Amino acid sequence: MPIAWINGKYVPEDEIALSPNDRGFLYGDGAFETMRSVQSRIIALHAHIHRLKTACERLRIPLTQGPENFRTIIQELLNRNALQDAYIRISISRGPVEQFGFGFSKTIKPTCLLAVRPAPTIPDNIYQKGVSVGFQISSLFGSHTGDTAIKSLSAVEYVLAKQSALENKCYDMLLMDSIERVYEGTSSNVFVVRQGALCTPPVHSGILPGITRARVITLAETKLHLPVREILFSKQDVLTAEEVFLTNTNIDVLPVTVAGEQTIGNGLPGKITQSLLQLYRQTLIEILE
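Residue numbering for the sequence shown follows my numbering, beginning at 2 and increasing consecutively.
In structure tokens:
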């Protein structure tokens, strides 16, 4: 049975008891962060914890642990679960309450839970042939009032979009607004190559500010000397792009070779995509903490 950490204690997961009045369960009132370890070292730990802290501040949930506190907890979890290459998730909820209702007291004690799993692996042949994606209009974007820059526990729209992707036998859905501008995948950032330039939606559009996204932009500019444009683009721009790829902590740089039912480029991962994947993996040691 995997060992998790909850509110200061290391506990077998089947012995964890969450309050039925926890606001994370009642309302999805909280935030989460996902990370990956490689040989027991964590990819971009400080950047991930900074993003989690920012989310908690915006939700007005106190987060007392800092990067070094989390590092100690994660290292112990890796040891107890005999893992070196792991998927790591931190979940923070506002905590349990006595009375139901959307309003909250500032004295609520948050629930903090950390769990680890073996790192998911994508076979090399998938990177060699690429994946397919679909398109789905989402109320999260455009004239939305939500805050998708927070990795919220309330992720039902992403859940349903990912399930739609699975049912349609594609890797993911690209989420669009009502006029078919593309923003992101359900758990990834999206890039296209058009006329030799690398394009990706800007953070101010409401997308999640991905840690891998930022790293890829840096590598594209400093190593490949590519022009990078942070702009919104349309579904048609994706379909007619020279290259398309997705990024996140667990997939690195994942080529997309089919969108909708249309082949991207020549149907194979493009040269820029392959170069960025190679550079990202070659320089990964620079961001291991």
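Ideal placement from N, C-alpha and C gives every residue a C-beta, glycine not left out. Predicted, not measured: the structure shown is a model, and the values here were computed from it.
- In the structure shown, Arg72 falls within a helical segment according to DSSP collapsed to helix, strand and coil.
- With fewer than 16 other CB atoms across the displayed protein chains lying within 10 angstroms of its CB, Asn22 is exposed.
- Spanning the alpha carbons of Lys107 and Phe246 requires a straight line of approximately 42 angstroms.
- Gly268 and Glu244 have their C-alpha atoms roughly 9 angstroms apart.
- Asp178 is not a Cβ neighbour of Thr187, given a cutoff of 7 angstroms.
- Counting only runs of 4+ residues, the alpha helix (DSSP H) found wholly inside the stretch 17-102 occupies 24-28, 46-60 and 68-81, in chain order.
- In the assembly as shown, Lys152 is a buried residue. Its beta-carbon has 16 or more other beta-carbons within 10 Å.
- A distance below 7 angstroms between beta-carbons, with the five flanking residues on each side excluded, links Lys110 to the following residues of its chain, in chain order: Gly96.
- CA-to-CA, the gap between Leu64 and Leu115 works out to about 14 angstroms.
- In the same chain as Thr274, and ignoring 5 residues on each side of it, the C-beta atoms closer than 6 angstroms to its own belong to Glu244, Phe246 and Pro256, in chain order.
- Shown here, Gln237 sits in a helix according to DSSP, grouped into three states.
- Only residues of its own chain outside the window of five on either side were considered, and among them Leu255, Pro256, Pro270 and Leu278 have a CB closer than 8 angstroms to the CB of Tyr128, listed in chain order.
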